[in-house]
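Residue numbers (our numbering): 99 to 194.
We put the beta carbon where it would ideally sit given N, CA and C, even for glycine.
Each remark here refers to the structure printed beneath this line.
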């Protein structure tokens, strides 16, 4: 079972909007080797281990839950990096 705390596990801070870095972080968020992929991998592996190894199931679910918290931190950081960014800055980030 999951428990969601409204506070981030780590308080990410940014000094200024940076759409180029936000674009780079999108890969860490949902890319092939990003936090979402890691969380889903551990989540899926946990179900394969449930019957023969219940202790491994618990461990893998704990790791998957931790990866979901990383996903939340990366997503919050992306949101902060884009706060107040207008259309021309977003277009510049897309072209780089």
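Distance, residue 171 Cα to residue 137 Cα: Each residue's Cα considered, the two are about 13 Å apart.
Once DSSP output is grouped into helix, strand and coil, what is the label at residue 183? Correct three-state label for residue 183: coil.
For residue 117, count the other beta carbons within 10 Å of its own beta carbon; 16 or more makes it buried, fewer makes it exposed. Which is it? By the neighbour-count criterion, in which 16 or more other beta carbons inside 10 Å mark a residue as buried, residue 117 falls on the buried side.
Residue 165 burial status per 10 Å Cβ neighbour count (16 or more: buried): Note on residue 165: 16 or more other CB atoms within 10 angstroms of its CB, so buried under the neighbour-count rule.
By Cβ distance below 6 Å, which residues in the same chain neighbour residue 134 in space, the five residues on each side in sequence not counted? The residues are 128 and 169.
Just to check my reading of the structure: residue 174 and residue 159 have Cβ atoms closer than 8 Å, yes? What is that Cβ distance to the nearest angstrom? A Cβ-Cβ distance of about 23 Å is found for the pair residue 174 and residue 159, leaving them out of contact under the 8 Å criterion.
Answer with buried or exposed for residue 179, where buried requires no fewer than 16 other C-beta atoms within 10 angstroms of its C-beta. When all chains shown are included, residue 179 counts as buried.
Which one of 110, 106 and 114 has the shortest CA to CA distance from residue 181? Residue nearest to residue 181 within the set 110, 106 and 114 is 114 (criterion: CA-CA distance).
Suppose the cutoff is 7 Å on Cβ atoms and the five residues either side in sequence are ignored; what does the same chain contact list for residue 132 look like? The residues 125 and 126, in chain order, have a CB closer than 7 Å to that of residue 132 in the same chain once the five nearest residues on each side in sequence are set aside.
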